[in-house]
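Just below is one structure, and these are the notes that go with it.
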Amino acid sequence: MAASTSGPDVKPERKVFCVKFQREMPGLDEVPFDGHPLGQRIYDNVSKEAWRMLVEQMKMIMNEYHLHLGTPEAQE
Numbered sequence: 003m004a005a006s007t008s009g010p011d012v013k014p015e016r017k018v019f020c021v022k023f024q025r026e027m028p029g030l031d032e033v034p035f036d037g038h039p040l041g042q043r044i045y046d047n048v049s050k051e052a053w054r055m056l057v058e059q060m061k062m063i064m065n066e067y068h069l070h071l072g073t074p075e076a077q078e
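Residues are numbered in the working numbering as their position in the sequence shown, beginning at 1, plus a constant of 2.
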């Protein structure tokens, strides 16, 4: 039998007005960069889909330029 997707333990999906797509979309599940004001702004204004796209773009850039985030040069 399949697991139920409704019930007392399931929270309704949080919606945000996404700054990238300019429409209401599902928001992130948790605040990125917890404790930093930018993380809260992202949580309040960026959709899951826009955040996923940004992460993929960041991966492509890091791979293209052979960046290793542990080095001071890459962190600049």
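Using N, Cα and C, we set each Cβ at its ideal position, and we do this for glycine too.
key: E66 (DSSP reduced to helix, strand or coil)   = Translated into the one-based positions of the sequence shown, residue 66 becomes position 64. Helix, per DSSP.
task = Determine the direct distance from the alpha carbon of S49 to that of M27, and round the result to whole angstroms.
result = On the sequence shown, position 25 is the one that residue 27 refers to. On the sequence shown, position 47 is the one that residue 49 refers to. Cα to Cα, M27 sits roughly 6 angstroms from S49.
message = Distance check for G29 and D46, CA to CA, integer angstroms please.
response = As a first step, residue 46 must be located in the sequence shown, where it is residue number 44. As a first step, residue 29 must be located in the sequence shown, where it is residue number 27. Looking at the two C-alpha atoms, the distance is approximately 8 angstroms.
request  = Within 10 angstroms of the Cβ of I44, are there 16 or more other Cβ atoms? Answer buried if so, exposed if not.
outcome  = Reading the sequence shown from its first residue, position 42 is the one you call residue 44. It counts as buried.
key: Alpha carbon of F23 to alpha carbon of G37, nearest angstrom   = Here residue 23 refers to the residue found at position 21 when the sequence shown is read from its first residue. Here residue 37 refers to the residue found at position 35 when the sequence shown is read from its first residue. Their backbone Cα atoms lie some 26 angstroms apart in a straight line.
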